[in-house]
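Numbering-wise (the UniProt record's numbering), the sequence shown opens with residue 1 and increments by one. Okay, structure first, notes after.
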Amino acid sequence: MFIGGLNWETTDESLKKYFSHYGELTDCMVMKDPMTNKSRGFGFLTFLDPRNVDAVLKEDHHLDGKMIDPKRAIPREEQEKTEKIFVGGIAANVTEEEFANYFSQFGHVLDATLMLDRASGRPRGFGFITFESDRGVDAALSRRDLMLHDKPVSSRKVILRWIFLRVLDASTLSFLYLTWLIVTHAWF
Numbered sequence: 001m002f003i004g005g006l007n008w009e010t011t012d013e014s015l016k017k018y019f020s021h022y023g024e025l026t027d028c029m030v031m032k033d034p035m036t037n038k039s040r041g042f043g044f045l046t047f048l049d050p051r052n053v054d055a056v057l058k059e060d061h062h063l064d065g066k067m068i069d070p071k072r073a074i075p076r077e078e079q080e081k082t083e084k085i086f087v088g089g090i091a092a093n094v095t096e097e098e099f100a101n102y103f104s105q106f107g108h109v110l111d112a113t114l115m116l117d118r119a120s121g122r123p124r125g126f127g128f129i130t131f132e133s134d135r136g137v138d139a140a141l142s143r144r145d146l147m148l149h150d151k152p153v154s155s156r157k158v159i160l161r162w163i164f165l166r167v168l169d170a171s172t173l174s175f176l177y178l179t180w181l182i183v184t185h186a187w188f
């Protein structure tokens with residue numbers, strides 16, 4: 001689970017003590033800034049029995065004098081399954097057809113999009129390839145010598161991540177959920 005809105009003073013131990021009332025935990029951690037070693041205001045925990053998550057989500061929670069916000073977390077291995085890659089370093093004279101054809105050697109390409117500058121309409125030097133399956137992604141990322149129009153290009157997985165922003169709407173505080181594409185390194 002993702003636990004947001006933590007008091008800056010909340011520790012791994014106090015978080016574990018609070019949530020252990022809902023069931024046995026296999027992992028519990030408050031995330032800290034690596035430079036200052038201070039809490040970042042959120043943490044993660046894992047229940048031995050995943051059904052305990054449902055019990056947690058049915059209630060409001062207060063810890064260390066603050067209302068906290070538990071959410072169901074998606075396991076990293078599920079988050080990182082993707083059929084899309086980011087490709088950078090693309091020459092300005094490459095067409096979308098050439099782009100798609102080149103990457104079709106790794107798997108069936110469903111979509112090939114080269115990004116253009118909105119104002120000028122000129123190529124921005126990067127694009128996205130969507131394969132029919134994640135096998136195409138793995139095949140493309142396994143190659144370190146990708147060349148398109150005699151120019152080396154780099155590729156990375158595109159992973160969908162969830163972020164949230166607090167939005168003040170009149171007198172109520174609500175959460176606005178957004179998706180954010182994160183381009184990660186191929187070896188992550």
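Beta carbons are placed, not taken as given, at the ideal position from N, Cα and C, and that holds for glycine.
Whole angstroms are fine: how far does the CA of residue j sit from the CA of residue i?
i	j	result
residue 44	residue 134	27 Å
residue 40	residue 60	21 Å
residue 2	residue 138	28 Å
residue 33	residue 4	15 Å
residue 115	residue 42	35 Å
residue 144	residue 56	45 Å
residue 12	residue 65	16 Å
Going by DSSP in three states, residue i sits in which element: helix, strand or coil?
i	result
residue 145	coil
residue 106	coil
residue 120	coil
residue 136	helix
residue 94	coil
residue 87	strand
Note down, in chain order, each residue of its chain lying with its Cβ closer than 8 Å to the Cβ of residue i, except the 5 sequence neighbours on either side.
i	result
residue 63	6, 7, 10, 14, 15, 18
residue 38	8, 32
residue 147	153
Tell me which same chain residues have a C-beta within less than 7 Å of the C-beta of residue i, skipping the five on either side of it?
i	result
residue 149	91, 93, 94
residue 23	47, 48, 49, 52
Bridge partners of residue i, per DSSP?
i	result
residue 113	128
residue 63	66
residue 46	27
Cutting at 6 Å between CB atoms, please list the residues of its own chain near residue i, excluding the five before and the five after it.
i	result
residue 154	88, 89
Consider the Cβ of residue i: report whether some Cβ of chain C lies at a distance smaller than 8 Å.
i	result
residue 147	Absence of chain C from the displayed structure is noted, only one protein chain being present.
*Are the segment 117-136 and the segment 81-89 touching by the rule of at least three beta carbon pairs closer than 8 Å?*
In short, these stretches touch, since the Cβ pair count reaches three.
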